[in-house]
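Participant: Going letter by letter, the sequence shown gives residues 2 to 251 in the numbering used here.
Ideal Cβ positions, reconstructed from N, Cα and C, are used throughout, including at glycine.
All of these numbers come straight from a predicted model, not from anything done at the bench.
Shown below is the structure under consideration.
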Amino acid sequence: MASKFQEYVSQSASVEGFFLEQAAITWDCLLNYQTSHYIKGNFLEIGVWKGKSAILSCLHANPEETCLLVDLIMFDEAQELLRNLHSNSNFYRCKSQNFWQNEANLHQFFSSCRWIHIDGAHSGSACFNDLQIANQLLSEEGIICMDDFFNPSYPQVTAAVFNFLDQFPFSLKLFLCGFNKGYLARPYYFDNYLRYLLENFHKDLSMINYSEKITLYKTSRPGDFNCFGLREYQGKDFVGLDEDSSKILI
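Here is the structure:
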């Protein structure tokens, strides 16, 4: 499956927003993985603003897949841009907690989304609420991406994620974090994403001339905390256990 990253760079160059290049390339790889494994579904973005990250979702969405775009402050130019990229897009100019009331047919999207990005209000309660919405809409093979995860400016975001995971351990698991994002998947499909990161993530980076840019960390054993971390390139693709950095266990 062809990468959408270069097209994304072109489409987003003049769009104001906060979306790290390494995060965008990680999205691109994960979305390509979904497509190559015939994972289909809708897209949800909570917090669109001017559309910087939603551009990449719209580029990856197939014609039959719906992009649900939610933001109280939704710029007209963002709607025009995103609709031109993906005509099957629904826009909701409201707070995310009012999203249910604004979509009378929301039940049709339950358990249907393969990609959800949460970048709305950054209070702990708002993030927890958005995770509840996402949990209703996420498919069995889908991914939730939480913005500002581990960002020291927003510790309440990280706290909300771990609080949710503690309360609903059979609904979601964290499999990847880094470059301002945290990535959650269903326990049903969690291992598949870990295996992809271990076996093919860097191969996909090299295919789009992005090798030697990202190092994956897996410093813990699966029984401790089974999650990869992303960092700027540290001279090698992987850093494993503290006692043996060449050993990656998933």
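Spatial neighbours of LEU195 within its chain, please: C-beta separation below 8 Å, excluding the five flanking residues on both sides.
Facilitator: For LEU195, where only same-chain residues beyond five positions count, the Cβ hits under 8 Å are PHE176, ASN227, PHE229, ILE251.
Participant: Can you tell me which residues form a DSSP beta bridge with LEU217?
Facilitator: LEU231, PHE239
Participant: Taking the beta carbon of TYR189 as the centre, do at least 16 other beta carbons fall within 10 Å, making it buried, or is it exposed?
Facilitator: Here TYR189 is exposed, its C-beta having fewer than 16 other C-beta atoms within 10 Å.
Participant: Opposite SER90 in the DSSP bridges: which residues?
Facilitator: According to DSSP, SER90 bridges with CYS68.
Participant: Is the distance from the Cβ of TYR184 to the Cβ of MET147 below 9 Å?
Facilitator: yes
Participant: Do GLY143 and ILE40 have their beta-carbon atoms positioned less than 9 Å apart in this structure?
Facilitator: yes
Participant: Tell me whether HIS118 sits in a helix, a strand or coil according to DSSP, three-state version.
Facilitator: Residue state, collapsed to three classes: strand.
Participant: Assuming LEU173 and ARG187 form a contact by the criterion Cβ under 8 Å, report the distance between their Cβ atoms to the nearest whole angstrom.
Facilitator: 7 Å
Participant: Compute the distance between the beta-carbons of TRP50 and ASP131, then report whether it is under 9 Å.
Facilitator: no
Participant: Is the Cβ-Cβ distance between PHE6 and ILE26 less than 9 Å?
Facilitator: yes
Participant: Once the 5 residues before and after PHE191 are set aside, which same chain residues still bring their CB inside 6 Å of it?
Facilitator: LYS174, PHE176
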